[in-house]
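2 protein chains.
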Amino acid sequence: MLDTLADERRRRRTVMSTSADRAARVLREQVAEGRLACGTRLPEERLARALGVSRNTLREALSQLVAERILVREPHRGVVVATPDVDDVADVYRVRRLIETGACRDVAAHTPDRLAAVRAAVVEGQVGAAREDWAAVASANQHFHRAVVALAGSPRLDAQMELLLAEMRLFFHRMGSADTFHRPYLAENAAIADLLEAGRGDDAATRLASYLSSAERQLVEAFARV
Amino acid sequence: MLDTLADERRRRRTVMSTSADRAARVLREQVAEGRLACGTRLPEERLARALGVSRNTLREALSQLVAERILVREPHRGVVVATPDVDDVADVYRVRRLIETGACRDVAAHTPDRLAAVRAAVVEGQVGAAREDWAAVASANQHFHRAVVALAGSPRLDAQMELLLAEMRLFFHRMGSADTFHRPYLAENAAIADLLEAGRGDDAATRLASYLSSAERQLVEAFARV
DNA sequence: CCGTACGGAATTGTTCAACAATTCCGCAAT
DNA sequence: ATTGCGGAATTGTTGAACAATTCCGTACGG
Chain Z
12 MLDTLADERR
22 RRRTVMSTSA
32 DRAARVLREQ
42 VAEGRLACGT
52 RLPEERLARA
62 LGVSRNTLRE
72 ALSQLVAERI
82 LVREPHRGVV
92 VATPDVDDVA
102 DVYRVRRLIE
112 TGACRDVAAH
122 TPDRLAAVRA
132 AVVEGQVGAA
142 REDWAAVASA
152 NQHFHRAVVA
162 LAGSPRLDAQ
172 MELLLAEMRL
182 FFHRMGSADT
192 FHRPYLAENA
202 AIADLLEAGR
212 GDDAATRLAS
222 YLSSAERQLV
232 EAFARV
Chain Y
12 MLDTLADERR
22 RRRTVMSTSA
32 DRAARVLREQ
42 VAEGRLACGT
52 RLPEERLARA
62 LGVSRNTLRE
72 ALSQLVAERI
82 LVREPHRGVV
92 VATPDVDDVA
102 DVYRVRRLIE
112 TGACRDVAAH
122 TPDRLAAVRA
132 AVVEGQVGAA
142 REDWAAVASA
152 NQHFHRAVVA
162 LAGSPRLDAQ
172 MELLLAEMRL
182 FFHRMGSADT
192 FHRPYLAENA
202 AIADLLEAGR
212 GDDAATRLAS
222 YLSSAERQLV
232 EAFARV
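Chains as they are written, first to last, in the numbering used here: chain Z, 12 to 237; chain Y, 12 to 237.
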């Protein structure tokens, strides 16, 4: 009885969180969905009214997103949606290669449930492809890479990966929704899942590395056209 | 002429920054130096007066440090200095092993100046040891690991490492300043620098991995005693 | 004697209104 | 065409206020 009450309170605290966190989540989502394009300015007063919070509270939310590299603060000029360039793409992929391959190699941490999560993301992508629902495929792809990193079982690594994936969404919107971008990587995901389940972490890592490099090239090329 | 003016402005903007950033920097430093022990509460009103900023501004600073895991926010109860536990130690070292060994293996990125920075940190530690200045040795050790990560040439990885090193400082203060903690690793640092300069990134990585694991064990043991 | 309900004190979460500092933009003057 | 100069708009920052929540001592009932 007492426990349930305490739990209830804790749940509300974590679910509701603060106004600043909620505002941050809304903005994060708007950017992720591409409703706020790269480079759009976010005037504090207008935005605060739109979100129904005070300017101070909004500023806390904006600071969060700046820390996440989703927004960029230009001193005395305001906050704008980040417009990543080729260097950003290169760096994000550098880090992804390092982290994701590292997680693959650390086979000691690959518990059955973590491997199952990877497999689940693979089939999720296959199902989406069968329906030609490319948004679902893109989403499944993110789940796949999130699950690969989660193989390491590290909260800090998971958090870092979350930031990287948020930046990735910026990339995609910047180069215009490339519907079939993830199409060719479905088979790769499956193959990597196979290798991981077979305990061949090193092989999975090398395969993932070249896969990521190829995706990076594709993105860089798309950026060069813009 | 015009360039210098623009540079001047940019320099002042980055040096002075905002009040919130300055407050955050002061607090970060206080925690890093151990003047604010783990678990100490940070009441907003008092702290704001002490730092000479308004409460709203202080809250922005606190949010930054919470995002950096240096402070922890307990809803409606305030912000306290984080008190890491054994799991945190394990996770930080998991991530460090992954990132630092990854940076070692990526020999293609090891430019001469980056390798020189690693070497410089090694001799800095040796100089400190010769003087039996253990604070200097600890500092040099941080520089060494920072330089190792910087081998990868990734701003995002550098930022991540900065967070991890800040957490490490918390660990050390929590287990009481272990003067000679870094002593045995001086030789290891030198050996790893040698391997890196010889282009043997894989060997450097494995050596660094066991080095980090041993340091982790030592820290976990120290934590268990507390 | 122990647990517990209660009420005030302290702190946080949030808002509002203001003001200085800075940037942006159009317009006049050369 | 460039420069210089307001004026408008926006940001950075402050101070005060108030509701919501937690904390803590105290009195009450079993």
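Note that beta-carbon positions come from the ideal geometry of N, C-alpha and C, so glycine has one too.
Strictly under 7 Å for the Cβ-Cβ distance: is residue i near chain Y by that measure?
i: Glu40/Z; result: no
i: Leu176/Z; result: no
i: Asn67/Z; result: yes
i: Arg23/Z; result: A caution first: Arg23/Z carries a pLDDT of 46, below 50, which makes its placement in the model unreliable, though a value can still be read off. Output row for Arg23/Z: interface = no.
List the residues of chain Z whose Cβ lies closer than 7 Å to the Cβ of residue i, in chain order.
i: Gly113/Y; result: Leu109 and Gly113
i: Asp102/Y; result: Ser165, Pro166 and Arg167
i: Gln171/Y; result: Gln171
With which residues is residue i paired in a DSSP beta bridge?
i: Arg180/Z; result: According to DSSP, Arg180/Z bridges with nothing at all.
i: Gly89/Z; result: Glu85/Z
i: Arg52/Y; result: Val91/Y
Among the options, which has the Cα closest to the Cα of residue i?
i: Ser30/Z; options: Asn67/Z, Ile81/Z, Val106/Z and Pro54/Z; result: Asn67/Z
i: Phe192/Y; options: Ala201/Y, Ala202/Y, Met179/Y and Ala204/Y; result: Met179/Y
i: Val100/Z; options: Gly210/Z, Met186/Z and Ala201/Z; result: Met186/Z
i: Arg156/Z; options: Tyr104/Z, Pro123/Z and Ala61/Z; result: Arg is not the amino acid found at residue 156/Z; the sequence shown has His there. Taking only the C-alpha atoms, the option nearest His156/Z is Tyr104/Z.
i: Gly63/Z; options: Gln137/Z, Asp98/Z, Arg142/Z and Ala35/Z; result: Ala35/Z
i: Val92/Y; options: Ala61/Y, Glu56/Y, Gln41/Y and Ala198/Y; result: Gln41/Y
i: Gly136/Z; options: Tyr196/Z, Gly89/Z, Ser165/Z and Ala161/Z; result: Tyr196/Z
i: Ala120/Y; options: Leu162/Y, Asp98/Y and Thr94/Y; result: Leu162/Y
i: Val83/Z; options: Ser224/Z, Pro54/Z and Arg130/Z; result: Pro54/Z
i: Asp124/Z; options: Glu208/Z, Arg70/Z and Arg228/Z; result: Glu208/Z
i: Ala140/Z; options: Ile203/Z, Phe182/Z, Ala198/Z and Arg33/Z; result: Ala198/Z
i: Arg218/Z; options: Arg167/Z, Leu181/Z, Asp205/Z and Ala48/Z; result: Asp205/Z
i: Arg107/Y; options: Gln153/Y, Arg236/Y, Asp144/Y and Ser65/Y; result: Gln153/Y
i: Leu126/Y; options: Gly210/Y, Asp32/Y, Ser28/Y and Phe234/Y; result: Gly210/Y
i: Val37/Y; options: Glu56/Y, Ala72/Y, Asn200/Y and Arg194/Y; result: Ala72/Y
i: Met27/Y; options: Ala61/Z, Pro86/Z, Arg60/Z and Arg33/Z; result: Pro86/Z
i: Ala233/Y; options: Phe182/Y, Glu173/Y, Arg194/Y and Leu109/Y; result: Phe182/Y
i: Asp190/Y; options: Gln171/Y, Ala235/Y, Glu143/Y and Arg228/Y; result: Glu143/Y
i: Ala43/Y; options: Ala61/Y, Leu174/Y, Arg167/Y and Asp117/Y; result: Leu174/Y
i: Asp98/Z; options: Ala128/Y, Val118/Y and Arg167/Y; result: Arg167/Y
i: Val129/Y; options: Leu109/Y, Asn200/Y and Ala235/Y; result: Asn200/Y
i: Tyr222/Y; options: Leu109/Y, Val138/Y and Ser65/Y; result: Leu109/Y
i: Arg194/Z; options: Arg33/Z, Ser65/Z, Ala151/Z and Glu56/Z; result: Ala151/Z
Under 7 Å between beta-carbons, which chain Y residues line up against residue i? List them in chain order, please.
i: Glu71/Z; result: Arg70, Glu71 and Ser74
Does any residue of chain Z bring its CB to less than 7 Å from the CB of residue i?
i: Arg33/Y; result: no
i: Arg20/Y; result: Below a pLDDT of 50, predicted positions are generally treated as unreliable, and Arg20/Y, at 44, falls in that range; the measurement from the model is reported next regardless. Cβ-Cβ to chain Z under 7 Å: no for Arg20/Y.
i: Pro166/Y; result: yes
i: Asp214/Y; result: no
Name, please, each residue of chain Z whose Cβ falls closer than 9 Å to the Cβ of residue i.
i: Arg105/Y; result: Asp117, Ala120, Ala163, Gly164, Ser165, Arg167 and Leu168
i: Ala78/Y; result: Ser74, Gln75, Ala78 and Glu79
Give the C-beta separation of residue i and residue j to the nearest angstrom, bearing in mind that I take them to be a contact with Cβ-Cβ under 8 Å.
i: Ser165/Y; j: Asp96/Z; result: About 15 Å separates the two Cβ atoms, so there is no contact after all.
i: Thr94/Z; j: Gly50/Z; result: 5 Å
i: Ala158/Y; j: Ala132/Y; result: 5 Å
i: Ala202/Z; j: Cys115/Z; result: About 12 Å separates the two Cβ atoms, so there is no contact after all.
i: Gly113/Y; j: Gly212/Z; result: Contact doesn't hold; Cβ gap of about 14 Å is too wide.
i: Ile81/Y; j: Ala146/Y; result: Actually they do not touch by this definition, with Cβ atoms about 20 Å apart.
i: Ser224/Z; j: Ser74/Y; result: Not really, about 37 Å apart at Cβ, beyond 8 Å.
i: Leu69/Y; j: Leu76/Y; result: Actually they are not in contact, since the Cβ atoms of Leu69/Y and Leu76/Y sit about 11 Å apart, beyond 8 Å.
i: His184/Z; j: Ala48/Z; result: 7 Å
i: Arg52/Z; j: Gly89/Z; result: 6 Å
i: Val160/Z; j: Glu111/Z; result: 6 Å
i: Gln171/Z; j: Gln229/Y; result: About 26 Å separates the two Cβ atoms, so there is no contact after all.
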